[in-house]
């Protein structure tokens, strides 16, 4: 278990089992701390053989980009299904340098990210920070021609001693450079492509970036020779999950007041993601141990191989509270790209937002997602999203009625077909937009910060939602 998680759990025990605490209370608190410890996720690597087997015949990978996160390859780590994630793992000889030569995809967003061995993001290089090659243009800049034919770039990968949670000063970053932490002798590199334009493949209509290696001797390698020299396909894809037993034990917190804990009845609230242990502690909400959450570190370190350009919030759900779960809120203004718009939208609140239905931290699969352009909006820019099983889908839960529908899926993946969680993402918000998840500085501020953009949640029966008519009121 990571040291910062152990220390946080130790503080819980220190403050709850002190001399002023009753013996029974101290024992109960120790039991809860043990449940948190038992459910703490750990890195679970996949073999090179398994990675190759899942990608065979799909045309998604090559000898450098050996793995992907996608619904039909690795549906792990709560991925956004509007995104394809490519993974490379490699070592670098002393004095060698590595770069990537590629083309900007026809898509909503492109980024490269590096990680420490615990799956925490250390650095990120988004498309806005990548200068195009001479004679080319960057189609992601505001107002840029998204269909430009010359769209080449080069990105340098540079080792540096960096820690998760410490953002790089962009004024000090060399142009087109991603920093890579060297903590385990190998480097983990991820590339994300969000929402390829309709009619383009998942790579956005371009080839995968090509690595170029320059050795200390000045000799250059690329292609298969490069992969043989530096590629580390073993454990290139790594899950970060708890055990099913640990997750189920965590859900059975003594004294939980909600009948289908950890999901809560009305009012249903969202909880921002700060770090893995703090997110685990969401199960303490509406239990006798909720006060322990204030003693758990809530600093933003991200985790689960997230990206520094995203902010997230989650909530547990259970359809025994109601056949449908209705989300209503105001949508941030985002880029319009999916249908191949000619120009990159300029005045935006953020680049992208999405909603996904996930299972649990023991089963990191996602059942379904909606991204912004898939969600109909009314004249005030507001949305209605219904989450339900196909059997309970209201007849008016369709785009023609101004409603987006998200399938409930397979429950929590560890024995409760009614459960699971929702995850809401905000990507690259404008610094001027005051209502993004990135502005949430501490737990409990979500509704205040998001304001009208906070997605209100309410359970309803199918018939009650159908009574809203078409268009749904």
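In our numbering, the protein residues as written are 12 to 484.
Ideal placement from N, C-alpha and C gives every residue a C-beta, glycine not left out.
Quiz item: Alpha carbon to alpha carbon, how far is residue 76 from residue 169?
Solution: 18 angstroms
ask   = The beta strand (DSSP E) with residue 114 in it runs from where to where?
value = 108-114
- [ ] Look at residue 56 and residue 249 and say whether their C-beta atoms are less than 8 angstroms apart.
- [x] yes
- Taking the continuous beta strand (DSSP E) assigned at residue 437, which residues delimit it? 432-440
Review point. Which word fits residue 305, buried or exposed, when buried means at least 16 other C-beta atoms lie within 10 angstroms of its C-beta?
Key: exposed
| I think residue 163 touches residue 144, with their Cβ atoms under 8 angstroms apart; what is that distance to the nearest whole Å? | 4 angstroms
Buried or exposed for residue 61, going by 16 or more other Cβ atoms inside 10 Å?
exposed
Quiz prompt | Bridge-paired residues (DSSP) for residue 363 | solution = 438
Based on DSSP bridge pairs, tell me the residues matched to residue 250.
55
Does the segment 353-361 come into contact with the segment 401-415, if we say contact requires no fewer than three beta-carbon pairs (one atom in each stretch) closer than 8 angstroms?
no
message = Taking only three categories from DSSP, how would you classify residue 368?
response = strand
Using only alpha-carbon positions, find the residue among 448, 467, 471, 470 that is nearest to residue 460.
-> 448
Please determine, among 230, 101, 296, the residue with the shortest C-alpha to C-alpha distance to residue 266.
296
(message) Can you find the residues in the same chain that come closer than 6 angstroms, C-beta to C-beta, to residue 371, ignoring five residues on each side of it along the sequence?
(response) 258, 423, 424, 425
Based on DSSP bridge pairs, tell me the residues matched to residue 450. Per DSSP, none; premise fails for residue 450.
Could you round the C-beta distance between residue 71 and residue 79 to whole angstroms and report it? I think they count as a contact, below 8 angstroms. 5 angstroms
For this session: On a CA-only basis, which of 293, 364, 68, 127 is nearest residue 11? Give me that one, please.
Result: Beyond the ends of the chain as shown, which are 12 and 484, falls residue 11; an answer cannot be given.
#### Entry: Own chain partners of residue 159 with C-beta closer than 6 angstroms, once the 5 adjacent residues on each side are dropped
148, 150
### Query
Ends of the alpha helix (DSSP H) at residue 238?
234-241
So the candidates are 85, 270, 360, 333; which of them puts its Cα closest to the Cα of residue 341? 360
Report task. For the beta strand (DSSP E) holding residue 100, just list the boundary residues, first then last. Result -> 94-101
Residues bridged to residue 90 by DSSP?
-> DSSP lists no partner for residue 90.
(request) Give me whichever residues DSSP pairs with residue 337 in a beta bridge. (result) 397, 469
task: Answer with buried or exposed for residue 183, where buried requires no fewer than 16 other C-beta atoms within 10 angstroms of its C-beta.
output: exposed
Does the pairing of the segment 319-330 with the segment 377-395 give three or more beta-carbon distances under 8 angstroms?
-> no
Problem set entry | Simplified DSSP state of residue 143, which is helix, strand or coil | strand
Please report the distance separating the alpha-carbon of residue 167 from that of residue 96. 19 angstroms
- Item | Distance, residue 444 Cα to residue 223 Cα | 39 angstroms
Cβ pair residue 244, residue 452 closer than 8 angstroms = no
Please state whether the Cβ-Cβ distance between residue 190 and residue 171 is less than 8 angstroms.
yes
(request) Please name the residue, chosen from 35, 114, 73, 437, that lies closest to residue 236 on a Cα-to-Cα basis. (result) 73
- Message: Quick check on residue 252: buried or exposed, where buried means 16 or more other Cβ atoms within 10 Å of its Cβ?
- Response: buried
Where are the beta strand (DSSP E) runs, 3 residues long or more, that stay fully inside the segment 170-241, in chain order? 188-191, 198-205, 221-225
Worksheet item: Which residues mark the beginning and the end of the beta strand (DSSP E) in which residue 460 is found?
Response: Not the beta strand (DSSP E): residue 460 falls in the alpha helix (DSSP H), residues 457-461.
Review point. From the DSSP output, which residues share a beta bridge with residue 166?
Key: 111
Review point. Span of the beta strand (DSSP E) holding residue 121?
Key: 120-126
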